[in-house]
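These notes concern the structure reproduced below.
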Amino acid sequence: MPQPQRRVLDRLKVVPLTLLLTLLLWMYADAHLTAIENNLSFRISVVVPPSDANDIVQIVSPSNGEFHVNIQGPRDQVQQIRDQADGRAIFTRDDRHNLAYVVRHIRGLKIGSKNYISSVRVLNDLPYFRQRHVTVLSATPARIQIALDQMVSISRPISFSALHHVSASITPAVAQVQLPKSLLTSIGGEDQLRVVAQPLSDLTTLPPRTRQTIQAQLLVRYPGAVNPQVNVSPATVLVTFTVPAEPSHKLKLGIVPVWIRGPSWLIDRYSISIRPETVPVTVAGSQPALQRLGRKMLIGDLAPVRDRVVAFLNITPSITTTDGWVEHHIRYELPTGVNLIDGPRTVLCKISYRPPSMPATAPATTPTTPSVGQ
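Using the numbering used here, the letters of the sequence shown correspond one by one to residues 1 to 374.
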């Protein structure tokens with residue numbers, strides 16, 4: 001074969017390889033081309049390192065931790081983020097974890113003052129964006145207001161008011177109440193904290209004029225809305241008293257609501273379903289106390305929470321999603337002088353992540369009313 005023809009054939013042989021390499025290079029370049037997406041909605045949370053466990057950091061503004069951001073980065077990563085923000089792809093557990101901002105310089109924040117941090121700086125520090133090599137160009141709002149608080153421990157005497165005009169010996173007689181310092185200041189100091197021993201047994205079954213020792217659960221009562229960060233130790237105590245001659249009476253309540261209680265930013269982040277949303281309970285107390293309770297329960301939400309019986313399902317930052325319906329413990333709040341005799345201790349609960357664009361539709365929330373207990 002002549003030399004010129006051989007060179008032509010050799011060139012033709014490398015054409016397919018050249019085309020293949022060109023196609024692969026084009027696909028690689030396309031995936032890594034820079035793309036920009038605007039007005040994506042994200043929610044973040046703020047956490048503190050374990051070494052600062054006594055500090056409480058919370059986003060004041062935006063209150064729900066939601067931002068609208070403009071981002072730039074590799075086209076495939078930007079598209080994936082767009083799909084998640086628009087609800088076409090789910091946020092995995094790792095994604096949610098990587099959308100939490102760890103406050104590393106907590107000592108630079110001031111307690112009780114307005115602390116502001118650049119939103120762009122915070123968002124670009126999140127592993128969610130950093131691991132994707134995506135940059136947040138701008139964010140609305142442009143600044144985050146962060147509140148710093150501290151947990152304090154207060155010693156408070158324990159009272160027993162389940163039976164009117166009955167003195168009791170309580171062991172131990174003093175409880176430790178842990179609560180945010182700002183809450184203690186807002187309610188007017190430690191004198192506004194009352195620790196109440198709520199019986200865990202049916203007092204109506206006790207023989208009159210006998211000396212009895214029962215177990216009781218401790219509740220913390222204070223003015224204002226219920227704060228899930230209030231804790232009391234120990235959880236239970238022993239109460240010794242003489243059963244009065246006047247017998248207690250029982251009252252069956254067919255519809256007691258189960259409310260979700262927890263930080264608003266946490267409830268906004270999860271879709272929480274309860275089954276059932278109301279439970280039947282039986283309570284006991286003096287005839288006048290039960291008559292007052294009956295009247296308050298009839299008018300429902302128009303009555304203050306402190307005058308009604310309400311069950312609470314507590315949601316804390318340790319919340320996790322569930323694959324289906326699971327049992328979750330509930331606690332009851334009762335008016336002074338009224339005791340729980342019988343009622344469910346658990347309800348079924350289903351928890352899932354809420355898409356950023358979906359508003360909170362929890363079956364119930366904790367209202368802001370005076371003097372309800374923790």
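A virtual CB, placed ideally from N, CA and C, is assigned to each residue, including glycine.
| Asked | Found |
| --- | --- |
| Roughly how many angstroms lie between the CA atoms of Arg88 and Arg354, to the nearest whole one? | 13 Å |
| Is the distance from the Cβ of Thr69 to the Cβ of Phe91 below 8 Å? | Note that residue 69 is Val in the sequence shown here, rather than Thr. Cβ distance not < 8 Å, so Val69 and Phe91 don't count as in contact. |
| Is Gly65 near Ile81, with beta carbons less than 8 Å apart? | no |
| What residues in its chain sit with their C-beta under 6 Å from that of Gln84, if we drop five residues either side in the sequence? | Phe91 |
| Three-state secondary structure (DSSP) at Asp268? | helix |
| Give me the Cα-Cα distance between Pro172 and Val237, rounded to the nearest whole angstrom. | 6 Å |
| What are the residues that DSSP puts in a beta bridge with His328? | Val347 |
| So, helix, strand or coil for Arg354, using DSSP? | coil |
| How about Val177 and Leu193: do their beta carbons lie closer than 8 Å? | yes |
| Just to confirm before moving on: does the CB-CB distance between Thr278 and Val258 stay below 8 Å? | yes |
| CB Gln46 to CB Val103, shorter than 8 Å? | Gln is not the amino acid found at residue 46; the sequence shown has Val there. Yes, these two residues count as a Cβ contact at 8 Å. |
| Rounding to the nearest angstrom, what Cα-Cα distance links Arg275 and Leu137 in this structure? | 44 Å |
| Given 8 Å as the limit, is there contact between the stretch 209 to 223 and the stretch 239 to 251, that is, 3 or more CB pairs closer than that? | yes |
| Which residue's Cα is closest to the Cα of His157: Gly285, Ala168, Pro263 and Thr204? | It is worth fixing the name first, because residue 157 is Pro in this sequence and not His. For the residues Gly285, Ala168, Pro263 and Thr204, the minimum Cα distance to Pro157 belongs to Ala168. |
| Quick one: complete alpha helix (DSSP H) runs, 4+ long, within the stretch 245 to 317? | 264 to 269 and 287 to 299 |
| If Gly285 sits next to Gly343, beta carbons under 8 Å apart, how far is it from one beta carbon to the other, in whole angstroms? | About 14 Å; that fails the 8 Å criterion. |
| Does the separation of the CB atoms of Gly324 and Lys350 fall below 8 Å? | yes |
| For Asn339, count the other beta carbons within 10 Å of its own beta carbon; 16 or more makes it buried, fewer makes it exposed. Which is it? | buried |
| Secondary structure at Gln217, three-state DSSP: helix, strand or coil? | strand |
| Output the boundary residues of the alpha helix (DSSP H) element that contains Asp95. | Arg93 to Asn98 |
| What does DSSP give as the partner residues of Phe67 in its beta bridges? | Phe42 |
| Beta-carbon separation of Glu37 and Ile71 under 8 Å? | yes |
| Which class does Ala85 belong to by DSSP, given the choice of helix, strand or coil? | helix |
| Keeping to the same chain, check which residues put their C-beta closer than 6 Å to that of Gln217; ignore five residues upstream and five downstream. | Gln198, Leu200 and Thr236 |
| Taking Ala303 as the reference, which of Asp95, Leu293 and Leu148 has the closest Cα? | Leu293 |
| Measure the Cβ-Cβ separation of Asn227 and Gly262 and say whether it is below 8 Å. | no |
| What do you get for Ala31, buried or exposed, if any count of 16 or more other CB atoms within 10 angstroms of its CB means buried? | With a pLDDT of 49 at Ala31, under the threshold of 50, the modelled position of that residue is not reliable, and the figure given next carries that caveat. Exposed is the call here. |
| By the 10 Å Cβ neighbour count, where 16 or more other Cβ atoms means buried, how is Tyr116 classified, buried or exposed? | exposed |
| Counting C-beta neighbours from all protein chains within 10 Å, is the total for Gly73 16 or more, i.e. buried, or is it exposed? | buried |
| Could you work out which residue in Val232, Leu266 and Ile255 is closest to Ala175 when comparing CA atoms only? | Val232 |
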